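Participant: Sharing a structure here in structure tokens format.
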Amino acid sequence: MTDQSLSGLAQFLTLPLPPSVNCYWRKSPRGMYITAAGKTFRQRVAEIVAEHNAMKFGDARLFVAMRVCARDKRRMDVDNFAKAALDALTHAGVYDDDSQIDDLFITRGPIVKGGECTVMIARA
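Okay, structure coming up:
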């Protein structure tokens, strides 16, 4: 399959590096909430989805591959970045809920100035 034929079947998006799950959510006496950094990230993802006129998958079962590129050489757990990215894509309307994801692959990419997260979404 060529990249051209794949583009009609899958959505590719390059997002900013998500906040770590440790920085995305906070607990208060009234329950969990999304931090300011998390809200800013969600808004930026929504803008990227709109700018790219991203495919909408509705309630389809999904396959997601994610490449997380750190901003520097500090140690990081790549899985800590997945939840914020998946939640932001839900919030942006790319799919109805991240519970639809049947296959999730996360890889570590090279260091990129500022960091980034490249996501590929396709029907499972």
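Numbering-wise, my numbering puts 62 at position 50 of the sequence shown, and it's gapless, one number per residue. Built from N, CA and C at the ideal position, the CB exists for glycine as well. Quantities reported herein were computed from a predicted structural model and do not represent experimental measurements.
For L29, name the three-state secondary structure that DSSP assigns.
Facilitator: If DSSP states are grouped into helix, strand and coil, L29 belongs with coil.
Participant: Run through DSSP, which three-state label would L21 get?
Facilitator: L21: coil per DSSP, three-state reduction.
Participant: Use the C-beta contact count for D99: other C-beta atoms within 10 angstroms, 16 or more gives buried, fewer gives exposed.
Facilitator: Counting Cβ neighbours within 10 Å, D99 comes out buried, since at least 16 surround it.
Participant: Using 10 angstroms around the beta-carbon of G50, count the other beta-carbons present and answer buried if the total reaches 16, otherwise exposed.
Facilitator: Buried, since its Cβ has 16 or more Cβ neighbours within 10 Å.
Participant: I think L21 touches I60, with their Cβ atoms under 8 Å apart; what is that distance to the nearest whole Å?
Facilitator: Between I60 and L21 the Cβ distance is about 20 Å, and since that is not below 8 Å, they are no contact.
Participant: Would you list the residues sitting across from M44 in a DSSP beta bridge?
Facilitator: In DSSP, M44 forms a bridge with K39.
Participant: Leaving aside the five residues before and after D3 along the sequence, list all residues of the same chain whose C-beta is less than 6 Å from its C-beta, in chain order.
Facilitator: Past the boundaries of the shown model lies residue 3; the chain is included only from 13 to 136, so the question cannot be answered.
Participant: Out of curiosity, what's the CA-to-CA distance linking F117 and Q23?
Facilitator: Cα-Cα distance, rounded: 15 Å.
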